[in-house]
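Following the UniProt record's numbering, the numbering of the sequence shown begins with 1 at its first residue and continues without gaps.
Don't be surprised by glycine CBs; every beta carbon is placed ideally from N, CA and C.
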Amino acid sequence: MILVTGADGYIGWPLMLKLSRTFPEERVVGVDHFGRRRWVEEIGSVSAIPIASMDRRLKTARSFGMRNLSFIEADLTNYQRVLQLLKTFQPRVILHMAAQPAAPYSHLHAPLAHYTQENNNQMCRNLVWGIKECGLERETHLVETTTTGVYGAPNFTIPEGFIEVETATGSDTIPYPGMATSWYHMSKVGDINNLYLSSKMWGLTITDLRTAIVFGTGTEETRLHPDLTTRFDFDFYFGVVANRFCAQMLAGHPITLYGKGAQKKPMIALEDAVDSLAKAASYSPPQTFQVFNQMTLLASPKQLAEEVQQAGREQGLKTEVTHIANPRKENETHQMKMENKGFQHHFLADQPVSLREGISRMVKDLMPYRSVFHEYKDRFL
């Protein structure tokens, strides 16, 4: 069976549907504690695209033949609950996506910084210790989505997880050092270290997919019915830059770039992120710790703004792109370079979604929800 954590999330729910269709003879069990719904409500925002309750989602999915889906509400920071899940299901693969995933949210105040790191790191530790304690070291493949944000912004091509170091006294291949710039991203540095350690100590089979910035509104499966949609956050805390630009344009507001906006970041379309995770569920790696950069393209905020502007024109909407003072400390012209050959070889479709194609589809899908962006414009302006 396949265990999916974070199954109510932006990527987790579409992945549940994809796995159901990809492995129709296998039970797919999702776990979540609905934190994302609470956190977004807490900061006074909503998902622009309405999302159904989990009960309704599952009922509708089953009406489309996806009858191998189950869901359990659980908090994975509870170690006894994790042990219960692992002993009961003995999963052949765990796709671990559960996390507090927002850097701005983790910077609101000290308690949320503490919560983000304690929540994320404890879930990871519970899973690796649970696999060991349940005697599943040879049975379970653990796949975690960490983040490309752990790399920082170096002035060389970023490898897939490991880096060759040469000094005056010798050379070696070592895990890439954590150079994250937020409390959230640093929590994933902690996860990576614990994944590496547990694989080295106990021989766990672990795949670390370092996920880039994900953009998109849905997948083939989520578009089957309104009850199957996934969430779309656009607020300052949980909405990624592509989402914020779409919200600004659809609310009739200028698209605002922080500073020059010329720095390039890794990205991947939601469809490609979900497809590659489904492929990871059938991947048979060696019994070791492997790292892949889950990204398909590099783009700057300026490029994103221009694509959103063009997609708006296609829908008869006009908007301006303006530059404002950058509230962040960052190199506004850094041209990131990143390897992803391993990811391409093992997990990526032949023709990944392009930035233009993905942004154009996003704007079309979001047109019916313009009133939501107007109503909640104070959340992203």
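**Message:** Mapping the DSSP letters down to three states, classify residue 279 as helix, strand or coil.
**Reply:** helix
**Request:** Note down, in chain order, each residue of its chain lying with its Cβ closer than 8 Å to the Cβ of residue 77, except the 5 sequence neighbours on either side.
**Result:** 118, 119, 122, 123, 126
**Within 9 Å, strictly: CB atoms of residue 292 and residue 161** = yes
**Request:** Pull up the distance between the alpha-carbon of residue 9 and that of residue 150, whole angstroms please.
**Result:** 21 Å
**Asked** Are residue 258 and residue 105 close, meaning C-beta to C-beta below 9 Å?
**Response** no
**Message:** Could you check whether the Cβ of residue 60 sits closer than 8 Å to any heavy atom belonging to the ligand NAD?
**Reply:** Questions concerning the ligand NAD fall outside what the structure shown contains, since it holds no ligand whatsoever.
**Message:** I need the boundaries of the alpha helix (DSSP H) containing residue 359, first residue and last residue.
**Reply:** 355-366
**Asked** What span of residues does the alpha helix (DSSP H) with residue 88 cover, start to end?
**Response** 79-89
**Item:** Paired residues, beta bridge with residue 258 - DSSP
**Value:** 324
**Request:** Quick one: measure Cβ to Cβ for residue 107 and residue 182, integer angstroms, because I've assumed they're closer than 8 Å.
**Result:** 6 Å
**Request:** Determine the direct distance from the alpha carbon of residue 230 to that of residue 14, and round the result to whole angstroms.
**Result:** 7 Å
**Prompt:** Which two residues bound the contiguous alpha helix (DSSP H) that contains residue 375?
**Reply:** 370-375
**Prompt:** With distances taken between CB atoms, is the gap from residue 206 to residue 71 smaller than 9 Å?
**Reply:** no
**residue 301 - partner residues in DSSP beta bridges** = Note: residue 301 sits in no beta bridge, so no partner.
**Message:** Please identify the residue among 6, 26, 7, 39 whose C-alpha is closest to the C-alpha of residue 282.
**Reply:** 26
**Message:** Only counting the same chain, and skipping five residues up and downstream in sequence, which positions put a Cβ closer than 6 Å to that of residue 36?
**Reply:** 9
**Message:** Less than 6 Å between C-beta atoms, sequence neighbours within five positions excluded: which residues of the same chain meet that for residue 373?
**Reply:** 247, 250, 251
**Message:** Rounded to whole angstroms, what is the Cα-Cα separation between residue 2 and residue 28?
**Reply:** 5 Å
**Prompt:** Candidates 353, 380, 193: which alpha carbon is nearest residue 275's?
**Reply:** 353
**Asked** What residue from 325, 152, 4 has the CA that sits closest to residue 337's CA?
**Response** 152
**Asked** Where do the N-terminal and C-terminal ends of the alpha helix (DSSP H) with residue 61 fall, by residue?
**Response** 54-63
**Request:** Identify every residue that forms a DSSP beta bridge with residue 265.
**Result:** 299
**Prompt:** Straight-line CA distance for residue 141 to residue 255?
**Reply:** 43 Å
**Prompt:** Can you name the start and end residues of the beta strand (DSSP E) that residue 68 belongs to?
**Reply:** Counting along the chain, residue 68 falls outside any beta strand (DSSP E), and DSSP gives it neither H nor E.
**Prompt:** Could you check where the beta strand (DSSP E) with residue 3 kicks off and where it finishes?
**Reply:** 2-5
**Prompt:** Is DSSP giving residue 208 helix, strand or coil here?
**Reply:** strand
**Prompt:** Where do the ends of the beta strand (DSSP E) carrying residue 316 lie?
**Reply:** Residue 316 -> no beta strand (DSSP E), and no H or E assigned at all.
**Item:** Beta-carbon proximity of residue 86 to residue 74, cut-off 9 Å
**Value:** no
**Message:** Can you list, in chain order, the residues of its chain with a C-beta nearer than 8 Å to that of residue 367? Leave out the 5 residues immediately preceding and following it.
**Reply:** 250, 315
**Inter-residue Cα distance where the pair is residue 66 and residue 12** = 16 Å
**Item:** Neighbour-count burial assignment, residue 272, 16 or more Cβ in a 10 Å radius
**Value:** buried
**Prompt:** Do the region 188-195 and the region 161-178 make contact, defined as three or more Cβ pairs closer than 8 Å?
**Reply:** yes
**Prompt:** With burial defined as no fewer than 16 other Cβ atoms inside 10 Å of the residue's Cβ, what is the status of residue 324: buried or exposed?
**Reply:** exposed
**Which listed residue (286, 263, 232) has its alpha carbon closest to that of residue 332** = 263
**Message:** Going residue by residue through the region 192-241, where are the continuous beta strand (DSSP E) segments of at least 3 residues, counting only ones entirely within it?
**Reply:** 205-211, 213-215
**Request:** In angstroms with no decimal places, state the Cα-to-Cα distance between residue 287 and residue 347.
**Result:** 18 Å
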